[in-house]
Each structure stands twice: as C-alpha cells, then as structure tokens.
C-alpha cells in the first residue's frame, strides 16, 4: 500500500519561528528526523503553509511517500514542531474508508475527479450517510488561524499554553483510497508531489493506541472532552468504578474520540483500576466505555429549523 502524507504547519506570523523536529508513525515504527530524513518547505503559492518533504534537492515538494508491506486501515501520525524554541505536538488519527485501490493521500484536492483523465471523484467514499467530515489536517500557532471550517472543533482538540500558542493538537481524518497512478504518474494535478523513487519503505507493527472506528461509526467520530463525559454520566447513574477509571484516564488524557475503541485503549494504557479488574467486571466496563454516542451538530439543528 502506498501512503502520501503532507504533515503541514500554517505559519502565518513572521515573528514566530517554526521548524519541524520529527514525524512518527507508530504503526510502522517509523520516525523521520529533521535534517536527516525530512525538511520543511513551502510548495504552495500561499507560503504560510510549510509542508514536510524528503530531504533531497532544493525543490519544495508536497509531502512524503511511504510504501508499506500490506493494507493499513487505521494509523497515527505524530509531528513535533519547534515553535519559538518550544515543542508543539500534532497528532492525527487516520481511518481509510474503503479498499477499492491500494493507495491513499491526505491531499484532498486529489480526491476530486479530473477532466480528460481516468480519475473520478473519490470524495463520496468519505461522505456515506451524510456525516460531516474533516478533510485536511494542519498544525497552527493560534486556534483561530484556520477558521474556514466552522465545525472544526468536532474533529479537533487543541491545548494552548499561557501565551495562547497551540502546544498540542489532535485531529481525526477519514481517507478514501485512490489509484496509485493518481499519485505517482505525472499530470497537471500533481506537479509538486514526491517522486516514487524518493519513497520511504516501512513494515506494519501493532500499536496499542491505534484508533479504530466501532460498529456504530455511522453515528460519526467526534472529539469528546472527558470531563464533560464524566459529568454527563454522573447525571444518569452512579457507577463509582467507572468514574474512577475515567478519572485515571482524565489525569493523563483530556479527550477521546467517540464511536471508536479510543476510550477502551486509553483505559488499558492509563488506568490501573481497569487493568486490575476481573474478566467479568472488565467485560461490563468495556460495554460502558464502548457505548454508542449520539451527537447533535449545529448544522443539523439549523437544517431542522428551516421552513
């Protein structure tokens, strides 16, 4: 499977120094280091967008290619950026929605259909059921630097420092598969893409914090603040054991992604109470941690209010 990634930073301030430190994909045990494997350049007319590419030559290339030995349906990309001398961490969780082709790209314009080419639109593959989705991942300096998507907070979690700088950002992105020729064969839509000769090779490895959509994924995958979820559960019932587990998770992690395995994975990683449960109690707690969560989006409410 061929993966095209475009780790990027929207650097709009001249007085804020930004550079890439490294990019990690734990499911591949792959860590790409700045000035050794990768470098940051500006391949778009809008020079505020800084994109990671392979450290080779001088041309500004849009992203990196990774060839892997199998099919990867869910994976995590962790990019660390040096921003004014401090580390800003960007985590993006990706879910591949189909298996029609053997390549994916996070450059969403390549999901479109192109006239006079064999390439048809792939956008519908991530819009099944009419569920809103986030289409492009980027790290920012301030939360409002990219405000084109009013519903961005549904899929994005930001944590800022005392100056308002985003020091941790997490996003959830769904990717359709595309023909690998769309990525590696030159045509008018991909002049800045990396050459296949410059790909990185990697192997798939298990990773305990991989986010996997649940059976009820058609309800949508959204960011849920743990403190809000704990408060909501307490209003409905009293489950001291569950609250203790959620509290232990919340001391290490402030959010989870709904309708996925995320909350259970966090319990396994961060809750001593959870890991000491009997198998019987763990089965019950797992049902609680994996329960479907319904969301009412602002766009849904506005649609219902229209005459």
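In the numbering used here, the protein residues as written are 22 to 328.
Note that CB positions come from ideal geometry on N, CA and C, so glycine has one too.
On a predicted model such as this, the values are computed, not experimentally measured, just so you know.
DSSP three-state call for residue i: helix, strand or coil?
i: residue 132; result: helix
i: residue 192; result: strand
i: residue 126; result: strand
i: residue 219; result: helix
i: residue 84; result: strand
i: residue 331; result: The structure shown does not extend to residue 331, since the chain spans only 22 to 328, so no value can be given for it.
i: residue 115; result: strand
i: residue 325; result: A caution first: residue 325 carries a pLDDT of 39, below 50, which makes its placement in the model too unreliable to give a value.
i: residue 226; result: coil
i: residue 38; result: coil
i: residue 255; result: helix
i: residue 48; result: helix
i: residue 287; result: helix
i: residue 110; result: strand
i: residue 79; result: coil
i: residue 58; result: coil
i: residue 71; result: strand
i: residue 174; result: helix
i: residue 198; result: strand
i: residue 212; result: coil
i: residue 310; result: helix
i: residue 267; result: helix
i: residue 138; result: coil
i: residue 95; result: strand
Residue i: which of the options sits nearest, CA to CA?
i: residue 42; options: 303, 277, 60; result: 60
i: residue 178; options: 184, 65, 167, 191; result: 191
i: residue 261; options: 26, 306, 39, 113; result: 306
i: residue 53; options: 76, 66, 64, 39; result: 76
i: residue 196; options: 131, 236, 284, 181; result: 131
i: residue 106; options: 36, 175, 159, 123; result: 36
i: residue 32; options: 264, 50, 65, 310; result: 65
i: residue 129; options: 110, 165, 84, 51; result: 84
i: residue 173; options: 100, 188, 193; result: 193
i: residue 224; options: 280, 47, 268, 187; result: 47
i: residue 312; options: 184, 278, 180, 220; result: 278
i: residue 184; options: 254, 101, 164; result: 164
i: residue 27; options: 141, 87, 267; result: 87
i: residue 203; options: 140, 110, 300; result: 140
i: residue 50; options: 80, 201, 221, 308; result: 221
i: residue 201; options: 167, 143, 304; result: 143
i: residue 34; options: 297, 253, 167; result: 167
i: residue 12; options: 124, 298, 237; result: Shown here, the chain extends from 22 to 328; a query on residue 12 therefore has no answer.
i: residue 228; options: 79, 94, 63; result: 94
i: residue 253; options: 314, 111, 62; result: 314
i: residue 237; options: 78, 280, 303; result: 280
i: residue 242; options: 101, 119, 316; result: 316
Short check: CB of residue i to CB of residue j, under 9 Å?
i: residue 82; j: residue 23; result: no
i: residue 162; j: residue 73; result: no
i: residue 117; j: residue 92; result: yes
i: residue 97; j: residue 114; result: yes
i: residue 29; j: residue 71; result: yes
i: residue 246; j: residue 284; result: no
i: residue 233; j: residue 175; result: no
i: residue 295; j: residue 269; result: yes
i: residue 45; j: residue 99; result: yes
i: residue 135; j: residue 198; result: no
i: residue 282; j: residue 235; result: yes
i: residue 264; j: residue 255; result: yes
i: residue 230; j: residue 158; result: no
i: residue 187; j: residue 160; result: yes
i: residue 2; j: residue 267; result: Within the shown structure, residues of the chain are numbered from 22 to 328, placing residue 2 beyond reach of any answer.
i: residue 55; j: residue 40; result: yes
Mind checking who residue i pairs with in its DSSP beta bridge?
i: residue 276; result: 246
i: residue 15; result: Nothing about residue 15 can be read from this structure; the chain reaches only from 22 to 328.
i: residue 102; result: 41, 109
i: residue 161; result: 31
i: residue 89; result: 223
i: residue 234; result: 281
i: residue 240; result: In DSSP, residue 240 forms no bridge with anything.
i: residue 180; result: 189
Compare the C-beta of residue i with all C-beta atoms of chain E and state if any pair is closer than 9 Å.
i: residue 46; result: In the structure shown, chain E cannot be found, because there is only a single protein chain.
Subject >> the segment 212 to 225 contacting the segment 287 to 300, beta-carbon criterion three pairs below 8 Å >> reply: At 8 Å Cβ cutoff, the stretches do not touch.
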